[in-house]
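Enquirer: Residue numbers (full-length UniProt numbering): 96 to 466.
Virtual Cβ for every residue (Gly too), placed ideally from N, Cα, C.
So that we are looking at the same thing, I have put the structure below in structure tokens.
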Ligand code: P6P
């Protein structure tokens, strides 16, 4: 972490980021993007926490199907707009990609906002890309169960446009869409910042700038995120596993065997692990990060790439876990090494405590190399 100023709990996010910029850890553009994430997620926290009081406007279905083929919730749409507008106003982003949008979009201010008083058009100066899931686990909101926002920030650079092999349907896209897509499709190891906001008993902002993991809690009495966890490190071992056991019979064989062994104590620690699963990735990952253990959405026979999305769910969470001393794999490889070929590509993910994930990986290696 940075100087001792940032190790004092109670420091506001604003002060923390100014210090990070002063010490050259982030440039003023990232400072501005993190500022907009701060503002947007305070609004989303309020919306999520008061949704049951505003039944008609905020709860229930939007009456549309999103790009994922899922029933869009009213809050999915509202929170997506809140985040997009906040990020757009920074003028520091080149491109945005959202779980709720089919394709990445240029972050240039839309025409009506672009024209200044003097009539000149603001040009889009952004050199960063922000990928995000505005309200992950939103189907839980009506039941008051924890949900979250996940975000990742890439540098938009020429070489990154050359990095990915663009998908076959590229011919259907216009020039702008092609450059937005190329800027967005980067592997997790290219992330410069990533984090999540958990909307639960408290509102927790946890993120990394590539220098460890830090946690802030929203103090609603002053409307500010204050530093509560100056340096988060995941325990090297846990006693909890977190996955949807309803899919057990379809899982990869190695993962099935690993789970059976940690259920019965037939494992390195000889402990019988407990199951904790709330079906909301941000909540399950936050508990795993703090208590240790393992969270997984592995491949299964029906979903050979699992369910979670590489770009704006698995990669940002994997960056965080590795920065906190943990690991994140698909079973066969490191999640952060995978170059996405499409915005909404899925990936199997097994993340958590280093020793637990390494133990699970041995089951895959045995299967890959059965000699
Ligand atoms: P399942 C929520 O819909 C989500 O995208 C993640 O937040 C969560 O981890 C996962 O899907 C839950 O999926 O199939 O167990 O309901």
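#1: How is residue 298 classed by DSSP in three states: helix, strand or coil?
#2: If distances are taken between C-alpha atoms only, which option among 334, 291, 228 and 323 comes closest to residue 133?
#3: Beta-carbon separation of residue 107 and residue 321 under 7 Å?
#4: Please go through the stretch 161 to 246 and give each complete alpha helix (DSSP H) segment of 4 or more residues, from N-terminal end onward.
#5: Exposed or buried, what is residue 418 when buried is set at 16 or more other beta-carbons lying within 10 Å of its beta-carbon?
#6: In the DSSP assignment, what are the bridge partners of residue 303?
#7: Could you tell me which residues DSSP puts in a beta bridge with residue 363?
#8: Please state the DSSP three-state secondary structure of residue 334.
#9: What residues sit near the ligand P6P, counting only those whose C-beta is closer than 5 Å to one of its heavy atoms, in chain order?
#10: Which residues mark the beginning and the end of the beta strand (DSSP E) in which residue 117 is found?
#11: State the DSSP-derived secondary structure class of residue 378, mapped to helix, strand or coil.
#12: What's the C-alpha gap between residue 425 and residue 371?
#13: What residue does the beta strand (DSSP E) around residue 324 start on, and which one ends it?
#14: Taking 7 Å as the threshold (beta carbon to beta carbon), is residue 343 in contact with chain C?
#15: Taking only the alpha-carbon atoms, compute the straight-line gap between residue 190 and residue 355 and give it to the nearest angstrom.
#16: Whole angstroms is fine: what's the gap from residue 414's alpha carbon to residue 428's?
#17: What does residue 392 pair with, by DSSP beta-bridge criteria?
#18: Would you report the Cα separation of residue 406 and residue 340, rounded to the nearest angstrom?
#19: Am I right that residue 412 and residue 423 are in contact with their C-beta atoms under 8 Å? What's the rounded C-beta distance?
#20: If you draw a straight line from the alpha carbon of residue 122 to that of residue 367, how long is it in whole angstroms?
#21: Residue 416 and residue 385 look like a contact to me (Cβ under 8 Å); what is the Cβ gap, rounded to whole Å?
#22: Does DSSP put residue 355 in a helix, a strand or coil?
#23: Taking the continuous alpha helix (DSSP H) assigned at residue 125, which residues delimit it?
#24: In chain order, what residues of the same chain have a beta carbon less than 7 Å from the beta carbon of residue 463, not counting five sequence neighbours either side?
Expert: Once the coordinates are examined:
#1: The sequence position of residue 298 within the chain shown is 203, counting from 1. Here residue 298 sits in strand by DSSP.
#2: If you number the chain shown from 1, residue 133 lands on position 38. Taking only the C-alpha atoms, the option nearest residue 133 is 291.
#3: As a first step, residue 107 is located in the chain shown; it is residue number 12 there, counting from the start. As a first step, residue 321 is located in the chain shown; it is residue number 226 there, counting from the start. It is a contact, given that the beta carbons lie within the stated cut-off.
#4: 169 to 185 and 206 to 209
#5: Start at 1 with the first residue of the chain shown, and residue 418 comes out as number 323. The residue is buried, with at least 16 neighbouring Cβ atoms inside 10 Å.
#6: What you label residue 303 is simply residue 208 of the chain shown in a count that begins at 1. 289 and 308, per the DSSP bridge assignment.
#7: Taking the chain shown and counting its residues from 1, one reaches residue 363 at position 268. DSSP output for residue 363 lists no bridge partner at all.
#8: Taking the chain shown and counting its residues from 1, one reaches residue 334 at position 239. If DSSP states are grouped into helix, strand and coil, residue 334 belongs with coil.
#9: 231, 232, 339, 374, 375 and 376
#10: One-based indexing of the chain shown puts residue 117 at position 22. Premise fails: residue 117 lies in the alpha helix (DSSP H), 108 to 117, not in any beta strand (DSSP E).
#11: Counting from 1 along the chain shown, the entry for residue 378 is found at position 283. Of the three classes helix, strand and coil, the one that applies to residue 378 here is helix, per DSSP.
#12: Position 330 of the chain shown, counted from the first residue, corresponds to residue 425. Position 276 of the chain shown, counted from the first residue, corresponds to residue 371. Cα to Cα, the separation comes out at about 20 Å.
#13: Along the chain shown, one-based indexing puts residue 324 at 229. Unbroken beta strand (DSSP E) run through residue 324: 319 to 324.
#14: Any reference to chain C falls outside this structure, which holds one protein chain only.
#15: Looking up residue 190 in the chain shown gives position 95. Looking up residue 355 in the chain shown gives position 260. The alpha-carbon atoms of residue 190 and residue 355 are separated by roughly 44 Å.
#16: As a first step, residue 414 must be located in the chain shown, where it is residue number 319. As a first step, residue 428 must be located in the chain shown, where it is residue number 333. Taking the straight line joining both Cα atoms gives about 14 Å.
#17: Walking along the chain shown from the start, residue 392 turns up at place 297. Looking at the DSSP assignment, residue 392 forms a beta bridge with 444.
#18: Walking along the chain shown from the start, residue 406 turns up at place 311. Walking along the chain shown from the start, residue 340 turns up at place 245. Approximately 25 Å between the Cα atoms of the pair.
#19: Position 317 of the chain shown holds residue 412. Position 328 of the chain shown holds residue 423. Yes, residue 412 and residue 423 are in contact; Cβ-Cβ is about 7 Å, under 8 Å.
#20: Counting from 1 along the chain shown, the entry for residue 122 is found at position 27. Counting from 1 along the chain shown, the entry for residue 367 is found at position 272. Residue 122 and residue 367: Cα-Cα distance of roughly 46 Å.
#21: Translated into the one-based positions of the chain shown, residue 416 becomes position 321. Translated into the one-based positions of the chain shown, residue 385 becomes position 290. Going by Cβ atoms, the distance from residue 416 to residue 385 rounds to 12 Å, so no, they are not a contact pair.
#22: As a first step, residue 355 must be located in the chain shown, where it is residue number 260. Residue 355: helix per DSSP, three-state reduction.
#23: On the chain shown, position 30 is the one that residue 125 refers to. It spans 123 to 145 - the alpha helix (DSSP H) in which residue 125 sits, taken as one unbroken run.
#24: Residue mapping note: residue 463 aligns to position 368 of the chain shown, counting from 1. Only 427 meet the Cβ criterion.
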